[in-house]
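Peer 1: One structure follows; several queries about it will come next.
Residue numbers (our numbering): 287 to 644.
And the structure:
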């Protein structure tokens with residue numbers, strides 16, 4: 287009997303080892319070498335400037351991931367498909383539309399609202415909630431993970447398609463798809479341009495590891511957060527030339543939005559993963575991790591972190607909450623002296639007074 291039990295355990299371990307080593311996974315990782323993570327030091331030194339946020343409940347519209355201002359009102363996206371309109375004076379929240387997808391990025395321009403929807407592509411919306419699909423394909427391929435956007439002065443919408451391999455809808459959630467793209471690190475994301483006048487869509491850059499937040503730079507170039515590389519790129523929209531605007535950040539950059547006086551607010555949705563950095567050069571280790579139950583895989587850490595930068599990419603100041611009480615802070619905007627902080631999973635839009643730097 288003892289021999290049989292021992293044999294059973296040995297067989298079980300053998301099967302487990304074979305599974306962890308050879309079971310098929312959806313990612314085909316490549317080796318890469320990140321720069322050393324200095325952590326929260328220097329200009330990123332910890333503080334508690336986000337520790338006492340007030341909140342506006344968005345009710346069932348979970349995850350106000352991004353927000354914009356039109357006619358003094360806040361419009362926010364959600365993981366539930368809702369586009370909400372929030373009156374900052376009364377804190378009243380109204381659902382004005384539902385995209386039947388997952389709207390992520392949102393921007394107002396010339397009296398209209400434009401939305402990057404992870405399931406639907408690039409959409410427009412009137413202030414009263416009438417939706418229209420502008421584009422969901424480019425060069426014959428579908429846009430499966432529209433993420434964020436901004437609009438140039440000449441009417442071109444630049445937006446990110448975060449992964450062409452791991453679509454948000456086909457992988458269940460936007461978070462699940464993002465983790466696959468970053469774990470594989472092969473770089474299937476791209477940045478697209480849609481011309482409002484000609485209604486044409488084109489690719490301006492590709493080969494990126496989860497391109498995320500998008501913002502226009504004063505010189506006409508496009509700023510794009512490459513989440514899987516801890517950096518913000520500056521892209522020439524005509525040539526596609528890419529240079530680092532900010533590199534080797536201590537977290538995963540999510541949204542980037544213009545702020546007062548030619549500044550920008552960038553959200554670091556969580557600190558960098560020591561495990562992921564250590565195993566960046568080890569594709570097989572990352573494949574093995576994907577064979578583990580989800581509960582045993584590396585987890586993101588809750589840590590609120592908004593960075594304010596100037597037009598040269600220099601860090602001016604940071605707003606942090608090391609406790610991460612407001613989970614998964616993606617970015618921020620300022621309106622009428624108030625800093626509004628957005629989130630991927632919270633049921634509230636957070637805010638606090640904002641003061642200009644001396």
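Positions of the beta carbon are idealized from the N, C-alpha and C atoms, including for glycine.
Which parts of the stretch 395-465 are runs of the beta strand (DSSP E), unbroken and 3 residues or longer, counting only runs that do not cross its ends?
Peer 2: With a minimum length of 3 residues, the continuous beta strand (DSSP E) runs that stay inside the stretch 395-465 are 398-403, 407-411, 417-421, 432-437 and 442-447.
Peer 1: Whole angstroms are fine: how far does the CA of residue 556 sit from the CA of residue 576?
Peer 2: Distance between the alpha carbons of residue 576 and residue 556 is about 20 Å.
Peer 1: Using the Cβ count rule (16 or more neighbours within 10 Å means buried), how would you classify residue 418?
Peer 2: Residue 418 is exposed by the Cβ-count criterion.
Peer 1: Going by the beta-carbon positions, is the gap between residue 420 and residue 409 smaller than 8 Å?
Peer 2: The answer is yes: Cβ separation under 8 Å.
Peer 1: Quick one: give me the first and last residue of the beta strand (DSSP E) that residue 560 is part of.
Peer 2: Looking at the DSSP string, residue 560 is not in any beta strand (DSSP E); the run it does join, the alpha helix (DSSP H), is 560-564.
Peer 1: Which two residues bound the contiguous alpha helix (DSSP H) that contains residue 497?
Peer 2: Not the alpha helix (DSSP H): residue 497 falls in the beta strand (DSSP E), residues 497-502.
Peer 1: Hey, residue 371 and residue 634: beta-carbon distance below 8 Å or not?
Peer 2: Cβ distance not < 8 Å, so residue 371 and residue 634 don't count as in contact.
Peer 1: Mind checking residue 578: buried by the 16 CB within 10 Å criterion, or exposed?
Peer 2: With fewer than 16 other Cβ atoms within 10 Å, it is exposed.
Peer 1: Between residue 355 and residue 639, what straight-line distance do the alpha-carbon atoms span, to the nearest angstrom?
Peer 2: Distance between the alpha carbons of residue 355 and residue 639: 17 Å.
Peer 1: For residue 329, I'd like the list of residues in its chain whose CB is within less than 6 Å of its CB, leaving aside the five on either flank, ordered along the chain.
Peer 2: The answer, listed in chain order, is 601.
Peer 1: The beta strand (DSSP E) spanning residue 615 covers which residue range?
Peer 2: It spans 615-621 - the beta strand (DSSP E) in which residue 615 sits, taken as one unbroken run.
Peer 1: What residue range is occupied by the uninterrupted beta strand (DSSP E) comprising residue 353?
Peer 2: Run containing residue 353: 353-356, per the beta strand (DSSP E) assignment.
Peer 1: Report back the beta-carbon spacing between residue 318 and residue 584 to the nearest angstrom; my notes put them in contact at under 8 Å.
Peer 2: About 16 Å separates the two Cβ atoms, so there is no contact after all.
Peer 1: Does DSSP put residue 313 in a helix, in a strand, or in coil?
Peer 2: Residue 313: coil per DSSP, three-state reduction.
Peer 1: Is the CB-CB distance between residue 453 and residue 480 below 8 Å?
Peer 2: Result no, Cβ atoms of residue 453 and residue 480 do not sit closer than 8 Å.
Peer 1: So what does DSSP say about residue 341, is it helix, strand or coil?
Peer 2: Residue 341 falls in the strand class under three-state DSSP.
Peer 1: I want to know whether the stretch 531-541 touches the stretch 503-515 - three or more CB-CB distances under 8 Å.
Peer 2: Yes: the two stretches touch, three or more of their Cβ pairs being nearer than 8 Å.
Peer 1: I'd like to check one pair, residue 470 with residue 437: are the Cβ atoms closer than 8 Å?
Peer 2: Not in contact: residue 437 and residue 470 (Cβ atoms no closer than 8 Å).
Peer 1: Around the Cβ of residue 505, are there at least 16 other Cβ atoms within 10 angstroms (buried) or fewer (exposed)?
Peer 2: Exposed, by the Cβ-count rule.
Peer 1: Distance check for residue 571 and residue 412, CA to CA, integer angstroms please.
Peer 2: The straight-line gap from Cα to Cα measures roughly 48 Å.
Peer 1: Does the beta-carbon distance from residue 385 to residue 401 come in below 8 Å?
Peer 2: Yes. Within cutoff.
Peer 1: Leaving out the 5 sequence neighbours to the left and right, which residues in its chain are closer than 7 Å to residue 549 when beta-carbon positions are compared?
Peer 2: Hits under 7 Å: 594, 595, 596 and 602.
Peer 1: Using only the alpha-carbon positions, how far apart do residue 559 and residue 501 sit?
Peer 2: Computed Cα separation, rounded: 26 Å.
Peer 1: Taking residue 574 as part of the alpha helix (DSSP H), name the residues at either end of that continuous run.
Peer 2: Start and end: 569-577.
Peer 1: Out of 343, 416, 379 and 539, point me to the one whose CA is closest to residue 433's CA.
Peer 2: Of the listed residues, the one whose Cα sits closest to residue 433 is 539.
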